[in-house]
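**Student:** Heads up: the sequence shown at position 394 corresponds to 394 in UniProt numbering, and the numbers run straight through without jumps. C-beta atoms are modelled at their ideal positions from N, C-alpha and C, and glycine is treated no differently. Just so it is clear, the structure is predicted and the values come from calculations on it, not from any experiment.
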Amino acid sequence: MPHTHEIRPDLDEGIDRKVLSQLRARFLKLNEGRMARAMEGLSTRQQLVLNLLPLFFHVNHPLLPGYVSGATPAGLSCYEPDPQALAEAQRLTRSFSYKPRHGNPPRPIHGLFLMGSLGTLAQADQSDMDVWVCHAPDLGENELAELQKKCQLLETWAAGQGAEAHFFLIDPNRFVRGERDTQLSSDDCGTTQHYLLLDEFYRTAIWLAGRTPLWWLVPVYEERRYEQYIDTLLSKRFVPAEENLDLGHMARIPPGEFIGAGLWQLFKGIESPYKSVLKLLLIEVYASEHPKVQCLSLRFKQAVFANRLDLDELDPYIVVYRRIEEYLKARGEPERLELVRRSLYLKVNRKLTVGNATRSPNWQRALLERLASEWGWDQRQLALLDSRSQWKVRQVSSERRALVNELNYSYRFLTQFARTEQAASLINKRDLNVLGRRLYAAFERKAGKIEFINPGIAPDLAEDTLTLVQSPNKKEPGQNHWGLYNGSLTALEWEHFAPIKRSRELLELLTWCHRNGVIDSSTRLALHPGSSDLSEFELFNLLGSLQQTVPLPLTTVSEEQLLHAAVPGEVLILVNVGVDPLKHHRDLNILMTTERTDSLSYAGVRENLVLTLDQVTLNSWNEVMVGRYDAEHALLDCLRDYLNNLPGGTQPRLRVRCFCHNRAQFIARRVEELFETAHNLLLSQLNYRYLIQVQQHYHVLELVPGQVRHRAMATPAALLEYLGQEQSRYSPLHLDPMALEDHDLALILPMGQPDCIQVFYRIVDEYAELYVLDEYNALWQQTLPYHDEHSLLVPLQRFLQSILYRREALLPMDSNQPEKPLDTLYLQILPSGTGRARRVEPRPAPPTPVDKAFYDVQAIIGKAAPGQVQVSLYCNQREFSDLEYGDQLFAAVAQEIVGQRHETERYRCYITDLDLSGLLGDVQSPSILYLRYKASLERALNDALEQV
Numbered sequence: 001m002p003h004t005h006e007i008r009p010d011l012d013e014g015i016d017r018k019v020l021s022q023l024r025a026r027f028l029k030l031n032e033g034r035m036a037r038a039m040e041g042l043s044t045r046q047q048l049v050l051n052l053l054p055l056f057f058h059v060n061h062p063l064l065p066g067y068v069s070g071a072t073p074a075g076l077s078c079y080e081p082d083p084q085a086l087a088e089a090q091r092l093t094r095s096f097s098y099k100p101r102h103g104n105p106p107r108p109i110h111g112l113f114l115m116g117s118l119g120t121l122a123q124a125d126q127s128d129m130d131v132w133v134c135h136a137p138d139l140g141e142n143e144l145a146e147l148q149k150k151c152q153l154l155e156t157w158a159a160g161q162g163a164e165a166h167f168f169l170i171d172p173n174r175f176v177r178g179e180r181d182t183q184l185s186s187d188d189c190g191t192t193q194h195y196l197l198l199d200e201f202y203r204t205a206i207w208l209a210g211r212t213p214l215w216w217l218v219p220v221y222e223e224r225r226y227e228q229y230i231d232t233l234l235s236k237r238f239v240p241a242e243e244n245l246d247l248g249h250m251a252r253i254p255p256g257e258f259i260g261a262g263l264w265q266l267f268k269g270i271e272s273p274y275k276s277v278l279k280l281l282l283i284e285v286y287a288s289e290h291p292k293v294q295c296l297s298l299r300f301k302q303a304v305f306a307n308r309l310d311l312d313e314l315d316p317y318i319v320v321y322r323r324i325e326e327y328l329k330a331r332g333e334p335e336r337l338e339l340v341r342r343s344l345y346l347k348v349n350r351k352l353t354v355g356n357a358t359r360s361p362n363w364q365r366a367l368l369e370r371l372a373s374e375w376g377w378d379q380r381q382l383a384l385l386d387s388r389s390q391w392k393v394r395q396v397s398s399e400r401r402a403l404v405n406e407l408n409y410s411y412r413f414l415t416q417f418a419r420t421e422q423a424a425s426l427i428n429k430r431d432l433n434v435l436g437r438r439l440y441a442a443f444e445r446k447a448g449k450i451e452f453i454n455p456g457i458a459p460d461l462a463e464d465t466l467t468l469v470q471s472p473n474k475k476e477p478g479q480n481h482w483g484l485y486n487g488s489l490t491a492l493e494w495e496h497f498a499p500i501k502r503s504r505e506l507l508e509l510l511t512w513c514h515r516n517g518v519i520d521s522s523t524r525l526a527l528h529p530g531s532s533d534l535s536e537f538e539l540f541n542l543l544g545s546l547q548q549t550v551p552l553p554l555t556t557v558s559e560e561q562l563l564h565a566a567v568p569g570e571v572l573i574l575v576n577v578g579v580d581p582l583k584h585h586r587d588l589n590i591l592m593t594t595e596r597t598d599s600l601s602y603a604g605v606r607e608n609l610v611l612t613l614d615q616v617t618l619n620s621w622n623e624v625m626v627g628r629y630d631a632e633h634a635l636l637d638c639l640r641d642y643l644n645n646l647p648g649g650t651q652p653r654l655r656v657r658c659f660c661h662n663r664a665q666f667i668a669r670r671v672e673e674l675f676e677t678a679h680n681l682l683l684s685q686l687n688y689r690y691l692i693q694v695q696q697h698y699h700v701l702e703l704v705p706g707q708v709r710h711r712a713m714a715t716p717a718a719l720l721e722y723l724g725q726e727q728s729r730y731s732p733l734h735l736d737p738m739a740l741e742d743h744d745l746a747l748i749l750p751m752g753q754p755d756c757i758q759v760f761y762r763i764v765d766e767y768a769e770l771y772v773l774d775e776y777n778a779l780w781q782q783t784l785p786y787h788d789e790h791s792l793l794v795p796l797q798r799f800l801q802s803i804l805y806r807r808e809a810l811l812p813m814d815s816n817q818p819e820k821p822l823d824t825l826y827l828q829i830l831p832s833g834t835g836r837a838r839r840v841e842p843r844p845a846p847p848t849p850v851d852k853a854f855y856d857v858q859a860i861i862g863k864a865a866p867g868q869v870q871v872s873l874y875c876n877q878r879e880f881s882d883l884e885y886g887d888q889l890f891a892a893v894a895q896e897i898v899g900q901r902h903e904t905e906r907y908r909c910y911i912t913d914l915d916l917s918g919l920l921g922d923v924q925s926p927s928i929l930y931l932r933y934k935a936s937l938e939r940a941l942n943d944a945l946e947q948v
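(1) Where in the segment 183-246 do unbroken runs of the beta strand (DSSP E), each at least 3 residues long, occur, reported from the N-terminal end onward?
(2) Which class does T594 belong to by DSSP, given the choice of helix, strand or coil?
(3) Within the chosen definition, does the segment 523-542 reach the segment 643-661 through at least 3 CB pairs nearer than 8 Å?
(4) For a quick check, are the C-beta atoms of F57 and L112 less than 8 Å apart?
(5) Taking the straight line between their C-alpha atoms, what separation do you get for L929 and G833?
(6) If you count every other CB in all the chains shown that lies within 10 Å of the CB of P172, and 16 or more means buried, which is it?
(7) Hey, how far is the Cα of P732 from the Cα of H710?
(8) Does the distance from the CB of L919 to the CB of V857 come in under 8 Å?
(9) In angstroms, rounded to a whole number, what distance separates the CA positions of W215 and P647?
(10) DSSP three-state label for E702, please.
(11) Run through DSSP, which three-state label would N942 get?
(12) Could you please give me the residues that DSSP links to P842 through a beta bridge?
(13) If you draw a straight line from the C-alpha of I450 to the C-alpha of Q707, how long is it?
(14) With W482 as the anchor, note down where its beta strand (DSSP E) starts and where it stops.
(15) For R653 and L701, what's the separation of their Cα atoms in angstroms?
(16) Whole angstroms is fine: what's the gap from W375's alpha carbon to V277's?
(17) Report the residue ranges of all beta strand (DSSP E) runs contained in full by the segment 9-66; include only those spanning at least 3 residues, in chain order.
(18) Where are the alpha helix (DSSP H) runs, 4 residues long or more, that stay fully inside the segment 353-395, in chain order?
(19) Just list the alpha helix (DSSP H) runs in the segment 289-344, keeping only unbroken ones of 4 residues or longer that don't cross its boundaries, in chain order.
(20) From T511 to L546, what distance separates their C-alpha atoms?
(21) Give me the DSSP bridge partner(s) of V277.
(22) Give the secondary structure of I453 by DSSP, where H, G and I count as helix, E and B as strand, and everything else as coil.
(23) Establish whether the CB of K275 and some CB of chain D are separated by less than 8 Å.
(24) What residue range does the beta strand (DSSP E) around E570 cover?
(25) I'd like to know if the segment 677-687 and the segment 718-732 are in contact, where contact means that at least 3 CB-CB pairs between them fall below 8 Å.
(26) Between which two residues does the beta strand (DSSP E) carrying L770 extend?
(27) By how many angstroms is the C-alpha of A859 removed from the C-alpha of L937?
(28) DSSP on T617, reduced to helix/strand/coil?
(29) In whole angstroms, what separates the C-alpha of A664 from that of P551?
(30) Starting from I763, follow its DSSP beta bridges and name the residues at the other end.
(31) Grab the span of the alpha helix (DSSP H) containing F799 for me, first residue to last.
(32) Can you list, in chain order, the residues of its chain with a C-beta nearer than 7 Å to that of Q161? Leave out the 5 residues immediately preceding and following it.
(33) Cutting at 6 Å between CB atoms, please list the residues of its own chain near I170, excluding the five before and the five after it.
(34) Could you tell me the boundaries of the alpha helix (DSSP H) in which T467 lies?
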C-alpha cells in the first residue's frame with residue numbers, strides 16, 4: 001500500500017486547494033476500486049444498467065429507457081457520457097445520437113449514488129441496486145412527479161435486464177434538515193433514522209456520477225465545526241459549489257436513533273436473525289459509546305485521509321465486523337463473537353469447503369478464506385456452515401438458542417438504554433412494547449405453546465422418512481409417550497436410536513412437526529401405535545386437519561393485533577385421538593344394536609363416547625397452543641376453557657374433527673353443536689346457564705361473559721339442589737336437547753321468564769309434584785299429598801301474595817318508573833300420571849274467596865347468636881317463640897293447631913306468611929329464598945303434627 005503523510009487541511013492554519021484535490025482523488029480512487037468489484041459480480045446486462053444510468057438521467061430522448069416527456073428534469077452535474085456509454089446506448093437504440101448542450105444549461109440532477117451490497121464482500125447474484133438520485137432543491141411538484149415517473153420506468157427497464165433497481169429522490173437541502181417523505185433504501189426503517197442512515201451512506205455508497213460529497217473534504221477533527229468549515233470552502237472558492245454536494249455531518253447521533261434502528265432490526269431479526277445480528281451489534285456498540293460515538297463513517301474518512309486505501313480492510317462488511325470484534329473482545333464475550341462470525345459467513349454465502357473453493361475463485365472468496373483462517377475454523381466447521389441448506393432439527397435447535405439469546409439481549413439492552421438516556425419518546429415506548437410482544441410471541445416458552453425453532457435459520461426442515469412410536473414411559477410407570485425418529489425403523493430397531501423429539505401426547509408432537517415443517521406432504525411416516533388405537537388413516541387425517549387450522553407460512557402479525565391481548569383465531573378440537581370409544585365398553589353388542597344415538601349418553605347403558613379432546617389454537621399473535629383433556633369431565637372442562645378464552649364479540653373459526661374407528665362423524669357433530677350452542681348463549685350477554693347431561697350425570701355451564709364456570713351434579717337430587725340456589729339477577733336456563741329427556745324439568749326449565757313467578761304442578765296418582773320458577777329463574781320443588789287443585793294451590797298462592805305484599809311495601813312511592821309488581825302464573829303439566837310429560841298448559845289462578853276463613857300461620861325469622869337464627873311463629877295472632885319454648889317450639893305450635901281444628905282428619909299445615917327482614921334487612925330478596933325457608937319450617941311443623 002502506498003504511504004504518504006496524513007493530509008490535514010486545517011481551517012485555522014490555512015486550507016490548500018492542492019490538498020483538497022488530493023483528498024477528492026483518494027476517495028475517487030477507492031470508489032473506482034469498489035465499482036470494479038461491483039461490476040465483477042454482475043452479468044453483462046446488469047453491468048449495462050449501471051453504465052447507462054448516468055446517461056439516462058442526463059438526457060431526455062424518446063427512444064431511451066425511462067423517457068416520460070421533454071419536461072422531465074434532465075442534466076447531470078459534472079457529467080459528460082464517455083464513448084463506451086454512448087456506444088451501449090446506440091446498441092439499444094440505433095437512432096440515438098448524443099448532442100452536447102453548449103453554454104451553461106441547467107443540470108437539475110446533482111448526483112447519483114449506489115447503496116446496498118454491490119461492491120462489498122456480501123454482493124450476491126440477487127443483490128439489488130438502491131440508487132440515490134440527488135436533485136436540485138428548487139424542483140416544483142410537477143417536475144418531481146415527472147422525475148418519479150422516470151425512476152419507475154427505469155426500474156421496469158432494469159428488471160428486464162435482470163437487475164432489481166430502486167430509485168430514491170433526494171433533496172439535499174431537506175435531507176440536511178432531516179426532512180424526508182419516503183424510505184431511502186429497500187432496507188430502510190423510515191424517517192426515524194437520519195444520522196445512522198447517513199453514516200451508512202458515507203462509508204458504503206458508490207459514487208456513479210455528478211457532484212461529490214463535501215463531507216469527503218472535512219477532516220474528522222473538524223466534524224463539529226462542519227457548517228463553518230464547508231462555508232469557508234465554498235465562500236472562498238477553495239472548491240466550486242457546482243461540483244460538490246452537501247448532505248450533512250456526522251458530529252453527533254441522537255440517542256433516539258439507536259432505539260429506532262434497534263427496533264427495526266429486531267423486528268426483522270424475528271424472521272431473519274442472521275441478517276440482523278451484525279446491525280444489532282453495531283447499534284449496541286454505538287449506543288454503548290454514547291455520547292462520544294466513534295461512528296464507522298468517521299473511521300472510514302480518517303483512513304482515507306491517512307491514505308490507508310486497502311479495499312479489503314475498508315470493505316463495508318469488514319469494517320463493521322472489525323468494530324464489533326473489537327467491542328466483544330474487550331467485553332470478553334467469545335460466544336457472541338462466534339455468532340457474529342457465523343452470521344457474517346452465512347451472509348456472504350461463499351462456501352469454502354473442499355470441492356467448493358475451486359469454483360469461481362474471486363476476491364470475495366479469498367478475503368473470506370483469510371478471515372476463516374484468522375478465526376481458526378477448520379474444514380469441519382466450514383462443512384457444517386456450508387451444509388446449512390440441509391440442516392435439520394438438531395442443528396437448527398442448537399443455533400436457535402444462540403440467536404434467540406442475542407435478540408432477547410438486544411431488546412433488554414435497548415430498553416435499558418432508552419430508560420437511562422430518557423430517549424424513548426411516547427412513540428418509542430409504544431414501539432418498544434409492541435416489539436416486546438413480538439419477541440414474546442415468537443420466542444417465549446410457556447405451557448402448551450408449540451416452540452417455533454426455525455426463524456430463518458435453515459431453508460427446509462422437512463424429513464423424507466420418519467417413524468412415529470408410542471411406547472411405555474420408563475420414567476413414569478403406567479404412562480406412555482410418543483417419539484419421533486429419523487428414517488423408517490422397524491419395531492426392533494427404533495429402541496436403538498435417539499428420537500428427534502418426545503411428547504406425552506400425540507397431538508403435541510404432530511403439531512410441533514407441522515409448525516416447524518418437519519413433516520410436509522412428501523414425508524413418509526412409519527407408524528408403531530403401541531397400545532393406542534391410532535391407524536394410518538387417522539394419522540393422515542390428523543395432519544390434514546392441522547394443515548387447515550395452521551396454514552403455513554403464517555401471515556405477519558400486524559401492530560394493531562399486538563396492541564391488544566392475543567385472542568384465538570383458529571381452533572381445532574380433535575376428539576378421541578388414538579382411542580376407539582366402543583372398544584373400551586364392556587358390552588359392544590348392546591351399543592351397536594340400540595336405537596339411542598346420543599354420543600354423550602349412548603345406548604341403553606348411557607355410555608359417553610367422548611373420552612379425550614385435544615385442542616389446537618392459533619391465536620392473533622401467531623402462537624400455536626395445544627391442550628389435552630382426558631379427565632372425568634374432559635368435554636365440559638374443554639368447553640369451559642374454550643369459552644373463557646374468547647373475548648367478547650369475537651368468534652374464532654372452530655373445527656371439530658373425530659377420526660376414531662366407530663361413530664366418528666356423529667361424535668364430531670355432537671361436540672360441535674354443543675360448542676356452537678354454548679358460544680351463541682355466551683354472546684347474548686345474558687347470565688345464561690346451560691344444562692348438559694353426560695351419561696347419567698348433569699353439568700351446568702354458567703355462561704357469564706368473561707367468567708364461565710362448570711358445575712357438575714352426579715344425581716338428580718344434586719341437580720335440584722343446584723337449580724334451587726338463589727340468583728342475583730335473572731338467569732335464563734338453556735337445556736341441551738338430550739338433557740332430562742324423561743323428566744318433567746325438560747318442559748319446565750326452558751319456560752323461565754323474568755319478572756314473574758311461575759307455578760307448575762303435575763298430578764301423579766295420590767301425590768302432586770309442585771315446581772316454582774321464581775323471578776330470577778331459580779327452581780323450588782316439592783312433592784305433596786294430592787286431594788284437589790284448590791287445597792294444593794291455594795296455600796301456596798296465599799304465601800306468595802303475602803311476600804309480594806311485603807315486597808311492594810318496601811318500594812319507593814315517588815319513583816318516576818315504579819317497579820312492576822311480580823305476576824304469578826299457574827301451569828299444569830300433562831298428561832297426569834307417571835308417564836313422560838308431553839306438554840304444559842296455563843291455568844287460571846285458584847279462586848280464594850275473601851269470606852272463607854283460613855288458619856293463619858305466620859313466621860318471623862331473625863338473627864340470634866353468630867351462625868344461628870331465632871324463630872317466632874304466630875297462630876291466629878298468638879305468638880310462639882323459641883325464646884319461650886326452646887326446642888319444643890314446633891311441638892307447642894302443633895298442639896295449638898290441633899286444638900283449633902274441628903275435623904278429626906289430620907292434614908298438612910302451611911306457612912301463610914314469612915318475614916325475613918330481621919335476618920336480611922329491608923332488601924329485595926328473591927322469592928326462592930322465602931320458599932326454601934317456608935319448606936323448612938313446614939317440614940318441622942308437620943313432623944310435629946304427626947307426633948300429636
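**Tutor:** According to the structure data:
(1) Entirely contained in the segment 183-246, the beta strand (DSSP E) runs reaching 3 residues are, in chain order, 206-210.
(2) Start at 1 with the first residue of the sequence shown, and residue 594 comes out as number 594. With a pLDDT of 46 at T594, under the threshold of 50, the modelled position of this residue cannot be trusted, and the question is left open.
(3) yes
(4) Working through the sequence shown from its first residue, we reach residue 57 at position 57. Working through the sequence shown from its first residue, we reach residue 112 at position 112. It is a contact, given that the beta carbons lie within the stated cut-off.
(5) Within the sequence shown, residue 929 is the residue found at index 929, counting from 1. Within the sequence shown, residue 833 is the residue found at index 833, counting from 1. L929 and G833: Cα-Cα distance of roughly 30 Å.
(6) Residue 172 sits at position 172 when you count from the first residue of the sequence shown. Buried: at least 16 other Cβ atoms inside 10 Å.
(7) The residue you call residue 732 lines up with position 732 of the sequence shown. The residue you call residue 710 lines up with position 710 of the sequence shown. Rounded to whole angstroms, P732 to H710 spans 16 Å at the Cα level.
(8) Start at 1 with the first residue of the sequence shown, and residue 919 comes out as number 919. Start at 1 with the first residue of the sequence shown, and residue 857 comes out as number 857. Contact: no.
(9) Residue 215 sits at position 215 when you count from the first residue of the sequence shown. Residue 647 sits at position 647 when you count from the first residue of the sequence shown. Going by the C-alpha atoms only, they are around 57 Å apart.
(10) Within the sequence shown, residue 702 is the residue found at index 702, counting from 1. In this structure, E702 counts as strand in the three-state DSSP scheme.
(11) Against the sequence shown, residue 942 aligns to sequence position 942. Here N942 sits in helix by DSSP.
(12) On the sequence shown, position 842 is the one that residue 842 refers to. Per DSSP, L827.
(13) As a position in the sequence shown, residue 450 is number 450, starting the count at 1. As a position in the sequence shown, residue 707 is number 707, starting the count at 1. Roughly 26 Å between the two C-alpha positions.
(14) On the sequence shown, residue 482 is found 482 positions in, with the first residue counted as 1. Segment N480 to N486, the beta strand (DSSP E) holding W482.
(15) Here residue 653 refers to the residue found at position 653 when the sequence shown is read from its first residue. Here residue 701 refers to the residue found at position 701 when the sequence shown is read from its first residue. Near 22 Å, if we compare the C-alpha coordinates of L701 and R653.
(16) Position 375 of the sequence shown holds residue 375. Position 277 of the sequence shown holds residue 277. Going from the Cα of W375 to the Cα of V277 covers about 18 Å.
(17) none
(18) Assignment of alpha helix (DSSP H) within the segment 353-395, counting only whole runs of 4 or more residues, yields 363-375 and 379-386 in chain order.
(19) 296-305 and 316-331
(20) Residue 511 sits at position 511 when you count from the first residue of the sequence shown. Residue 546 sits at position 546 when you count from the first residue of the sequence shown. Near 7 Å, if we compare the C-alpha coordinates of L546 and T511.
(21) As a working mapping, residue 277 is identified with position 277 in the sequence shown. Note: V277 sits in no beta bridge, so no partner.
(22) Along the sequence shown, one-based indexing puts residue 453 at 453. DSSP, reduced to helix, strand and coil, places I453 outside both helices and strands of the structure shown, so it counts as coil.
(23) Of the protein chains in the structure, only one exists, and it is not chain D.
(24) Here residue 570 refers to the residue found at position 570 of the sequence shown. Counting along the chain, the beta strand (DSSP E) containing E570 begins and ends at P568 to V575.
(25) yes
(26) Residue mapping note: residue 770 aligns to position 770 of the sequence shown, counting from 1. L770 -> beta strand (DSSP E) spans Y767 to L773.
(27) For this step, residue 937 is matched to residue 937 along the sequence shown. For this step, residue 859 is matched to residue 859 along the sequence shown. Those two C-alpha atoms are separated by around 8 Å.
(28) Within the sequence shown, numbered from 1, the residue matching residue 617 stands at position 617. Three-state DSSP puts T617 in a strand.
(29) Looking up residue 664 in the sequence shown gives position 664. Looking up residue 551 in the sequence shown gives position 551. Those two C-alpha atoms are separated by around 24 Å.
(30) The residue labelled residue 763 in the question sits at position 763 within the sequence shown. Paired residues: A768.
(31) Counting from 1 along the sequence shown, the entry for residue 799 is found at position 799. That run of the alpha helix (DSSP H) goes E789 to A809.
(32) Position 161 of the sequence shown, counted from the start, is the residue given in the question as residue 161. So the qualifying residues of the chain are R45, Q46, L48 and V49.
(33) Taking the sequence shown and counting its residues from 1, the one referred to as residue 170 is at position 170. Correct list, in chain order: W132 and C134.
(34) Locating residue 467 in the sequence shown gives position 467, counting from the first residue. Not the alpha helix (DSSP H): T467 falls in the beta strand (DSSP E), residues T465 to P472.
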